[in-house]
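What follows is one structure encoded as structure tokens, with my remarks underneath.
There are 2 protein chains.
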Amino acid sequence: MEFKVQQLQIKAGKYKVILNPEDANEIGVRTGDRVQIKDHSYLTAIAEIGDMISRGTVGIYQDVCEKLGKVCPLTVNIVPTSRPSSVGFIKKIMDKQKLTQEEIHQIVLDIVKENLTDIELSAFVTSSYIHGMTNDEIEWMTRAMIDTGEKIEFDTHPIMDKHSIGGVPGNKISLLVVPIIAANGLLIPKTSSRAITGAAGTADLMEVLAPVEFTADEIKTMTEKVGGVIVWGGATNIAPADDKLIRAEYPLSIDPRCQLLASIMAKKGAVGADCVVIDIPTGAGTKVHTVEEGKKLARDLIELGERLGMSVECAMTYGSSPVGRTIGPAIEVREALKVLETMQGPNSLIEKSTALAGILLEMGGAAARGGGKAMAIETLRSGKAHKKLKEIIEVQGGNPNITYTDIKPGEHKGELLSPADGYVIEFDNKRIVEIARIAGAPIDTGAGVWIHKKKGELVKKDEPLISIFSDKGWKLTNAMKSAEKEYPIIVEGMILERVKPLRVL
Amino acid sequence: MEFKVQQLQIKAGKYKVILNPEDANEIGVRTGDRVQIKDHSYLTAIAEIGDMISRGTVGIYQDVCEKLGKVCPLTVNIVPTSRPSSVGFIKKIMDKQKLTQEEIHQIVLDIVKENLTDIELSAFVTSSYIHGMTNDEIEWMTRAMIDTGEKIEFDTHPIMDKHSIGGVPGNKISLLVVPIIAANGLLIPKTSSRAITGAAGTADLMEVLAPVEFTADEIKTMTEKVGGVIVWGGATNIAPADDKLIRAEYPLSIDPRCQLLASIMAKKGAVGADCVVIDIPTGAGTKVHTVEEGKKLARDLIELGERLGMSVECAMTYGSSPVGRTIGPAIEVREALKVLETMQGPNSLIEKSTALAGILLEMGGAAARGGGKAMAIETLRSGKAHKKLKEIIEVQGGNPNITYTDIKPGEHKGELLSPADGYVIEFDNKRIVEIARIAGAPIDTGAGVWIHKKKGELVKKDEPLISIFSDKGWKLTNAMKSAEKEYPIIVEGMILERVKPLRVL
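Chains A and V are the protein sequences, given in the same order. Under this note's numbering, the first residue of the first sequence is numbered 1, with each subsequent residue one higher. Under this note's numbering, the first residue of the second sequence is numbered 506, with each subsequent residue one higher.
The structure is reproduced here in structure tokens:
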């Protein structure tokens, strides 16, 4: 049927059109059905129905206009067509049937191409969450996620990589691990993420030092040149299905195990990694609540790695307390840089970074078995890691001569004081992150929380428990109010109802 | 945070706004998160993120504008807020936990108020489909569906009602059942649906005779006046959750048993029905494939009725063949009206209608047990049912003096001829409906398929198997082409590959 085109000034993120209810009924189309738009060529779009579109007219989102050509046509022919075959495969998952490799590939491809509606995508993640996937299916899912995106193929091997399962604030270790590995002659093209619900992702941290948005080709060239990079994976087209799946999982607060595994390993597989160390923080507030659970996850990751031809080792780490004493982009970078420059800094940061780097050094053959950690510490202490980070900063277009004292926290500062003498008996990671975010992290790089007292430490009345930094005065006020309203840190003997006046410096 | 308002010329069907990605990040909002819009009052909306909205601006859908007041404000304050509590309850279903009555009520209320995103709604129907619901939960779901919509409360009782599980083409029996019941002094406020994937719903049929869109109050008044009505439920606000659930279930081709039960019984409960007969067509092509399955469904419906204080009886009917010989609005009405006027017509239609009406007459106390069907036949034969239908047509605003000969099929007619002598051995209901739809049903009321030969009947070569009617020549051509391409009827000995020329009359 021929329709007049009404251009909508909105992008839908997928090919969508809106039909008048009577027209839709006439051509037998309901919300979520697919239609074929015939102009010079054919385009399949998702149909919506709305009475703000008049009869004989089709509302066309910008995405469709752009796809149809430079000039949006005045009329188009629209006929109903069938749903993508993926929808039938998703129904199979709902019915607890197993899928073939081809079927899984098709689902992932349709997700990447934005061919599925939210209803269909949600049915996929919900039923995968409920029924799980077999190891075969997880392998196929991972391969499909790799194959539906960009891949980096290095001429030299081995390629090293590292991943941390999220949930621990202040986990800035990649800033140390990557230069330690690269300084020892191994290649490590580290793609990382920005904070989503956290205060600073590795990409947010590195961005304090240098640009982080590069194409896959640039990542390859830079890595071959200096041995390593720390870039934002989101700027590439590596395993693009991942972000699209998260868009459906996040609102449901689910993280189906099968997709967690596939997501991690697809990103490693796509950069051609041979050896991968995976940091599994365990404990209260993390994604992995018990050591048993962590071990199960580790075994699954190792097995999936084997299926994909990657050597994987996992390290269970203590995840109930932040790594180091800083949360937020600038101050985290300052803390990491200080360690690289001076070997001065929190034990939790130095220990964790060198332990994980040590595993990678052994896996890559740079260190003898058992000798990795010592080599990592020596690389740090000798200044070689610092020198390598400067090279990485430079190759990514940053200023290699920056020192930790150049990196300033936000100019607005407040302190949360201890209301009592005693030991810190509760330390709420989630609240600390929340406060850092209210203060402006990760967008405002100067925003964050400096932790003076961690769990188990002794504090005197009116000593600061945390300092809050912010680039903007009003954000500091909000963050202080939030901290005051619900203390993120509980000191033994502290009266929970009492509200302590805040000292704004 | 304060935002400039950019009005979007689109209705979203729910309260939605679009934020620039950087703004969204700044206030910590992701796609599908909720925000509170503060103008004079507060309104919670679903956040979308899109880069066609510039920084500092919020894109506001028409629904939000209208809700905010007569004149859309120029700026609004937007802060993140939490998701509806329903989302947590839906997560419980995903995790196979049982819900409380309050939790189910809240989910249904949020569905009705369009507070859930498609992702959340789909997670609900998908997990309900996978895990099912207990009888308690189904009862609570039904009550919630009744209570979140409009209800009709009659002063006189009993109130009778009838429902047919879908899937059988040509099922025009309500046009006979309703007047038979009302003619015997019982009240029957029949709300019905329009065809969604079929060729004609009961509401589509009745609309050939009279208007069908009325409010709940009007339904009550008309029923009290003449004893019965046949109206479109979609024009009322009776059990509004149902349509919204179907919107998520239809694209996934699922019909979770728990929601099928709740949907049927909520619509009966909302009109205050005391006695309900449910027609369960069973067999190939219907929703209920075996008698065993049908019996299980019947037991579930009866039990749910008991819980809700309704007396329910179910009749398993033969569903593999159309009821009567007509498919499509006008010709179905013509066939039904002819029976009412002359008692002439297909046995399948007269038998089924009087059998189901008989059950209702017994349930309502108008007939003695065992005497219902005879009373129903007598009501038909005596012309009382016809007289009652005329009253119903008149009270709904139609022409009561219409006779079956006034109702003309579409002016364009073609015939599909038998390619061989023999018995009809296959009869494909779905294809027949498809052909009727291509011919224009249910929108073009004259469109449809007249069935000359049903399964088991003898046909001679070149005798017509079906006649196809259409209001428009080009639709007839398309329908004929479709019928020719894949015959809906197979005659014994027919060569399946041979294509028979069509005779267009």
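Glycine is no exception: its CB is placed at the ideal position from the N, C-alpha and C atoms.
What alpha helix (DSSP H) runs, 4 residues minimum, are completely inside the stretch 331-412 of chain A? If you keep only unbroken alpha helix (DSSP H) runs of at least 4 residues inside the stretch 331-412 of chain A, you get 347-363, 372-381, 384-395.
To the nearest angstrom, report how far apart Ile882 (chain V) and Thr859 (chain V) are at their CA atoms. Here residue 882 (chain V) corresponds to residue number 377 of the second sequence, with the count starting at 1. Here residue 859 (chain V) corresponds to residue number 354 of the second sequence, with the count starting at 1. Within the model, the alpha-carbon separation for Ile882 (chain V) versus Thr859 (chain V) is close to 6 Å.
Under 8 Å (Cβ pairs) to chain V, residues found in the stretch 61-77 of chain A: Here the close residues are Gln62.
Check Lys478 (chain V) in the structure and name its three-state DSSP category. A query on residue 478 (chain V) cannot be resolved here, the shown segment of chain V reaching from 506 to 1010 and no further.
Which whole runs of the alpha helix (DSSP H) in the stretch 567-593 of chain V are 4 residues long or more, in chain order? The qualifying runs are 567-573.
CB contact below 9 Å: Pro211 (chain A) versus chain V: By 1-based counting over the first sequence, the position of residue 211 (chain A) is 211. Chain V contact via Cβ: absent.
Contacting residues, own chain, Cβ-Cβ under 6 Å from Ala715 (chain V) (five flanking each side not counted): Numbered from 1 along the second sequence, position 210 holds the residue referred to as residue 715 (chain V). Once the five neighbours on either side are set aside, the close Cβ partners of Ala715 (chain V) are Ile898, Gln901, Gly902, Gly903.
According to DSSP, is Val796 (chain V) helix, strand or coil? If you number the second sequence from 1, residue 796 (chain V) lands on position 291. Helix at Val796 (chain V).
Would you call the stretch 728-737 of chain V and the stretch 701-719 of chain V in contact, with 3 or more CB pairs under 8 Å? The stretch 728-737 of chain V, when compared against the stretch 701-719 of chain V, does touch it at the 8 Å Cβ threshold.
Check each candidate in V:Lys618, V:Ile943, V:Met815 and name the one with the smallest Cα separation from Pro663 (chain V). Counting from 1 along the second sequence, the entry for residue 663 (chain V) is found at position 158. It is V:Met815.
Counting only Cβ pairs nearer than 8 Å, list the residues of chain V close to Gly309 (chain A). Here residue 309 (chain A) corresponds to residue number 309 of the first sequence, with the count starting at 1. Near Gly309 (chain A) there are no residues of chain V at all, since even the closest Cβ is about 34 Å away, more than 8 Å.
Which ranges does the alpha helix (DSSP H) cover as unbroken runs of at least 4 residues, wholly within the stretch 429-456 of chain A, from first to last along the chain? If we require 4 residues or more, the alpha helix (DSSP H) runs fully inside the stretch 429-456 of chain A come out as 429-438.
In its own chain, which residues sit with a C-beta less than 6 Å from the C-beta of Ala216 (chain A), not counting the 5 before and 5 after it? Locating residue 216 (chain A) in the first sequence gives position 216, where the first residue counts as 1. Excluding residues within five positions, the ones whose Cβ falls inside 6 Å are Glu150, Ile152, Thr236.
Between the Cα of Asp110 (chain A) and the Cα atoms of A:Tyr129, A:Glu411, A:Ser128, A:Ile90, which residue gives the shortest distance? Taking the first residue of the first sequence as position 1, residue 110 (chain A) is located at position 110. Of A:Tyr129, A:Glu411, A:Ser128, A:Ile90, the residue nearest in Cα terms is A:Ile90.
Under a CB-based cut-off of 9 Å, is Tyr755 (chain V) close to chain A? Taking the second sequence and counting its residues from 1, the one referred to as residue 755 (chain V) is at position 250. Yes, Tyr755 (chain V) counts as interfacial toward chain A.
Return helix, strand or coil for Arg830 (chain V), following the three-state DSSP convention. Against the second sequence, residue 830 (chain V) aligns to sequence position 325. In the structure shown, Arg830 (chain V) falls within a coil segment according to DSSP collapsed to helix, strand and coil.
Smallest Cα separation from Ala746 (chain V): which of V:Lys960, V:Val630, V:Pro694, V:Asp949? Taking the second sequence and counting its residues from 1, the one referred to as residue 746 (chain V) is at position 241. For Ala746 (chain V), the nearest C-alpha among the options comes from V:Val630.
For Met316 (chain A), which beta-bridge partners are listed by DSSP? As a position in the first sequence, residue 316 (chain A) is number 316, starting the count at 1. The partner list for Met316 (chain A) (beta bridge, DSSP) reads A:Ile280.
Residues that DSSP places opposite Tyr423 (chain A) in a beta bridge: In the first sequence, residue 423 (chain A) corresponds to position 423, counting from 1. Per DSSP, the beta-bridge partners of Tyr423 (chain A) are A:Leu458.
Nearest-angstrom Cα distance between Leu121 (chain A) and Arg247 (chain A)? Position 121 of the first sequence, counted from the first residue, corresponds to residue 121 (chain A). Position 247 of the first sequence, counted from the first residue, corresponds to residue 247 (chain A). The straight-line gap from Cα to Cα measures roughly 9 Å.
When DSSP labels each residue in this structure, what does Asp161 (chain A) get in the three-state scheme? Stepping through the first sequence from its first residue, residue 161 (chain A) is reached at position 161. Looking at Asp161 (chain A) - three-state DSSP - the assignment turns out to be strand.
With three or more C-beta pairs closer than 8 Å as the rule, is the stretch 957-977 of chain V touching the stretch 913-931 of chain V? Cβ pair count under 8 Å is three or more, so yes.
Check the Cβ-Cβ distances between Tyr129 (chain A) and every residue of chain V, and say whether any is below 9 Å. Here residue 129 (chain A) refers to the residue found at position 129 when the first sequence is read from its first residue. Tyr129 (chain A) counts as touching chain V.
Can you tell me which residues form a DSSP beta bridge with Glu553 (chain V)? Sequence index remark: in the second sequence, residue 553 (chain V) carries index 48 (1-based). Beta bridge pairing from DSSP links Glu553 (chain V) with V:Ile523.
So Ile146 (chain A) is in the beta strand (DSSP E); what residue range does that whole segment cover? Position 146 of the first sequence, counted from the first residue, corresponds to residue 146 (chain A). First-last for Ile146 (chain A): 135-147, but that is the alpha helix (DSSP H), not the beta strand (DSSP E).
Per-residue DSSP class, three states only, for Leu513 (chain A): As displayed, chain A neither begins before 1 nor continues past 505, which places residue 513 (chain A) out of reach and without an answer.
According to the Cβ coordinates, are Val208 (chain A) and Ile407 (chain A) closer than 9 Å? Residue numbering aside, residue 208 (chain A) sits at position 208 when the first sequence is read from its first letter. Residue numbering aside, residue 407 (chain A) sits at position 407 when the first sequence is read from its first letter. Yes. Within cutoff.
Cβ of Lys792 (chain V) within 9 Å of Cβ of Ile678 (chain V)? Here residue 792 (chain V) is taken as the residue at index 287 of the second sequence, counted from 1. Here residue 678 (chain V) is taken as the residue at index 173 of the second sequence, counted from 1. Not a contact, by the Cβ cut-off of 9 Å.
To which residues of the same chain is Ser54 (chain A) closer than 7 Å at the C-beta, ignoring the five residues directly before and after it? Within the first sequence, the letter at position 54 stands for residue 54 (chain A). Contacts found: Asn20.
Just to confirm, is the Cβ distance from Ser987 (chain V) to Lys918 (chain V) under 9 Å? Within the second sequence, the letter at position 482 stands for residue 987 (chain V). Within the second sequence, the letter at position 413 stands for residue 918 (chain V). In this structure, Lys918 (chain V) does not lie closer than 9 Å to Ser987 (chain V) by Cβ.
Taking the continuous alpha helix (DSSP H) assigned at Ile104 (chain A), which residues delimit it? Your numbering for residue 104 (chain A) matches position 104 in the first sequence. Residues 101-112.
Straight-line gap, Arg1003 (chain V) to Val796 (chain V) (C-alpha atoms, nearest Å): For the purposes of this step, residue 1003 (chain V) is taken as the residue at position 498 of the second sequence. For the purposes of this step, residue 796 (chain V) is taken as the residue at position 291 of the second sequence. Reliability of the predicted coordinates at Arg1003 (chain V) is poor, the pLDDT of 43 falling under 50, and no value is obtained from them.
Apart from the five residues on each side of it in sequence, which residues of its chain come closer than 6 Å, Cβ to Cβ, to Asn934 (chain V)? As a first step, residue 934 (chain V) is located in the second sequence; it is residue number 429 there, counting from the start. Beyond the five residues adjoining it in sequence on each side, Asn934 (chain V) comes within less than 6 Å, by CB distance, of Pro674, Gly790 in the same chain, given in chain order.
Determine which residues share a DSSP beta bridge with Leu921 (chain V) and list them. Position 416 of the second sequence, counting from 1, holds the residue named residue 921 (chain V). Leu921 (chain V) pairs with V:Ile971.
Tell me, please, whether the CB atom of Lys601 (chain V) is closer than 9 Å to any CB atom in chain A? For the purposes of this step, residue 601 (chain V) is taken as residue 96 along the second sequence, with counting starting at 1. Output row for Lys601 (chain V): interface = yes.
Taking Asn25 (chain A) as the query, report the chain V residues whose CB atoms sit under 7 Å from its CB, ordered along the chain. Counting from 1 along the first sequence, the entry for residue 25 (chain A) is found at position 25. Neighbours of Asn25 (chain A) on chain V, chain order: Ile948.
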